[in-house]
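In what follows, a structure is listed as structure tokens, so that the remarks can point back to it.
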Amino acid sequence: MPATAHCLCALGPNALISAFGLLRGPERTVPTPTEDWRRATVDVVIHADGHQPDIAYCLASLLTQDHPFRRVILIDDGGVQGDHAARIASEFALANALELEVIERKWSLGKAPTLKRQARELDGDVLFVLDADVVLESRDYIRRCVQALYEGVGVASAAGICRPGTAGDRRRWAGSDTFLQWVAGDPYIDPRLCGDRLRRLAAWLGAAFRDCAGRFQQNFLERGQMALFGGVAVACGRATAYRRGYLKDVFDRFEPVYGDGITGQPDLFVAMALNNEGYRNARLPDVHAHAPAVSLGDLPASQCRATSAYLQSCAEFDALIRSPLKWPRRAWRRWHARQRHGPRSGVESRRAVEAYRQPFGERLTREQGRPIGWAQAATALEKVLVPALALALVALGQAGAAAGLLLADAAVWIALVVATALRGERLAVLGKAVSSVPLRALLMFSDLLIVVACLLRLPPVLLRLRRTA
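Going by the working numbering, the sequence shown opens with residue 180, and the numbers climb by one from there.
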């Protein structure tokens with residue numbers, strides 16, 4: 180399960196940016212798209228690699244969607260070490276009259292070739308990319324994502340909220356009609372629900388941290404970014420609708436440079452590449468999905484792989500990260516143009532009006548930067564901000580001040596996480612957030628180490644910077 184490079188710092192510029200966006204509210208421009216989203220053809224691509232316990236749940240949720248899709252293609256990327264995910268998927272599809280195309284690879288290639296080849300070989304308007312362990316909880320998940328894509332030509336991808344799945348979620352889906360149609364009355368034993376108490380406790384701790392980190396990231400930081408910029412900075416393509424043509428252009432641009440090795444988290448690289456062109460990655464708060472959380476033992480390594488992938492993407496799109504440095508010059512040019520020509524409005528001259536409209540093209544990013552670049556720069560800075568300050572205070576003999584800084588950051592993080600919860604679940608979320616504080620601190624300092632290692636250019640094999648998630 181690929182990890183998301185979560186922002187863990189609560190006392191940083193990203194929190195201020197998001198708070199300002201939430202207070203200001205979203206752009207009030209009403210979109211007038213020229214294309215009808217109802218006519219868009221949608222192809223679903225499912226990437227599977229070691230997802231035998233989850234593929235039936237994924238397909239069961241796909242069958243509940245209220246928006247039509249043209250094709251469903253399952254890419255079994257397990258290679259010679261693969262499992263029986265493809266066979267289970269075929270049996271499930273046959274039992275429920277689902278037309279499913281299955282491609283089994285003899286060796287594992289990764290997710291990037293899956294995205295690249297399907298973006299090139301298919302001719303649909305929308306490519307809905309779904310990881311095989313993701314369950315679409317909202318029946319209108321695909322419909323809302325496609326609708327959001329067509330609110331403006333600047334929207335390149337759209338995804339809902341993804342949270343860690345629970346045992347109750349799996350039991351509920353295992354009792355659905357499509358699931359019962361597959362098992363035909365036979366008892367189904369879910370391998371993810373087996374294990375002793377220690378294993379279940381470790382799974383709960385890992386899911387608790389993921390839940391809290393996801394709430395802070397998606398329900399606070401990204402909601403503010405959506406209001407302020409119309410897109411998010413750190414997008415994860417686990418259940419994401421892409422404009423297929425935009426996705427194809429990304430691979431046409433970067434395949435000659437990287438081949439299939441565009442970091443260990445290609446969906447994050449793709450999201451930043453789309454930002455670099457002036458497109459936006461939308462996060463929809465009203466549709467939900469869930470997936471199994473990374474186990475507690477694998478969580479630090481998973482977060483480090485995600486952080487290293489994010490830093491590699493930052494190195495490629497440095498012009499985007501340096502957007503705040505270009506703002507004074509851009510502001511001066513705008514002021515000078517207003518003084519010479521007076522205020523100009525391009526709204527009346529546009530055929531389609533949309534919020535957050537901006538010119539496209541990598542050249543303009545290098546010259547002027549992008550609004551979302553402020554959030555990208557803040558995300559990169561927050562990888563080192565609080566832990567570096569704490570270590571600096573300790574080095575200066577101010578251990579008490581360092582402890583106070585960490586406690587204040589943790590307290591603000593807990594408060595924001597609890598604030599994003601519904602009234603009836605706040606007590607449970609508070610318990611999860613408090614229990615996640617030690618693990619969060621560990622991951623913050625591990626992020627600092629990986630950043631320092633990248634800056635010192637230590638051997639990538641030692642750091643596993645290019646290890647796939």
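Just so it is clear, CB atoms sit at the ideal spot from N, CA and C, and this is done for glycine as well. Remember, predicted model here, so these are calculated numbers, not experimental data.
Practice task
Could you work out which residue in F624, V591 and S625 is closest to L609 when comparing CA atoms only?
Solution key: With distances taken between Cα atoms, L609 lies closest to V591.
Practice task
Please determine, among R394, I234, F430 and L400, the residue with the shortest C-alpha to C-alpha distance to S269.
Solution key: The shortest C-alpha separation from S269 is found at I234.
Handout entry: Nonlocal neighbours in the same chain, by C-beta distance under 6 Å from Q555, ignoring five residues either side
Key = A412, L499 and I500
Practice task
On the DSSP bridge assignment, give the partners of E280 in chain order.
Solution key: I252
Practice task
Quick one: residues in its chain with C-beta nearer than 6 Å to the C-beta of V436, no 5 flanking neighbours on either side, listed in chain order?
Solution key: none
Practice task
Alpha carbon to alpha carbon, how far is D369 from D222? Give it in angstroms, no decimals.
Solution key: 29 Å
Practice task
Under 7 Å Cβ to Cβ from E652, same chain only, skipping five residues before and after it: list those, please.
Solution key: Nothing can be reported for residue 652: it is not among the residues displayed for the chain, which extend from 180 to 648.
Problem - Cα-Cα separation, F448 to Y535 - result: 22 Å
Exercise for the section: Take A219 as the anchor and find which of R376, R249 and F199 has the nearest alpha-carbon. Expected result: R249
Exercise for the section: Within 10 angstroms of the Cβ of A386, are there 16 or more other Cβ atoms? Answer buried if so, exposed if not. Expected result: So A386 counts as buried.
Exercise for the section: Please report the residue range of the alpha helix (DSSP H) in which N455 lies. Expected result: P445 to N455
Problem - L585 versus L560 - alpha carbon distance - result: 17 Å
Exercise for the section: Determine, using beta-carbon pairs with one atom in the region 297-315 and one in the region 413-429, whether at least three such pairs fall under 8 Å. Expected result: At 8 Å Cβ cutoff, the stretches touch.
Handout entry: Where the beta strand (DSSP E) containing I340 begins and where it ends
Key = V334 to P343
Problem - Closest Cα partner of G410 within the set I321, Q537 and N275 - result: Comparing Cα-Cα distances from G410 to each of I321, Q537 and N275, the minimum goes to Q537.
Practice task
Whole angstroms is fine: what's the gap from L190's alpha carbon to V332's?
Solution key: 35 Å
Practice task
Give the single residue among M623, I593 and S336 whose Cα lies nearest to the Cα of F395.
Solution key: Taking only the C-alpha atoms, the option nearest F395 is I593.
Exercise for the section: Please report how far the alpha carbon of L475 lies from the alpha carbon of A381, in whole angstroms. Expected result: 6 Å
Exercise for the section: May I ask you to report which of helix, strand or coil DSSP gives T647? Expected result: At T647, the pLDDT of 41 sits below 50, so the modelled position is not reliable and the matter cannot be decided from this model.
Exercise for the section: Only counting runs of 4 or more residues, tell me where the alpha helix (DSSP H) segments fall wholly within the region 286-370, in order along the chain. Expected result: 290-300, 320-328, 346-353 and 356-362
Handout entry: Beta-carbon spacing of T486, K427 below 8 Å
Key = no
Practice task
Count the other CB atoms, across all protein chains shown, that sit within 10 Å of the CB of P566; report buried if there are 16 or more and exposed otherwise.
Solution key: Around the beta carbon of P566, 16 or more other beta carbons sit within 10 angstroms, so the residue counts as buried.
Exercise for the section: Report the three-state DSSP secondary structure of G191 (helix, strand or coil). Expected result: In the structure shown, G191 sits in coil (DSSP, three-state: anything other than H, G, I, E or B).
Handout entry: From F199, A198 and E278, residue whose alpha carbon lies closest to that of G224
Key = Per the sequence presented here, residue 224 reads as Val, with Gly not at that position. When each option's Cα is compared against that of V224, the closest is E278.
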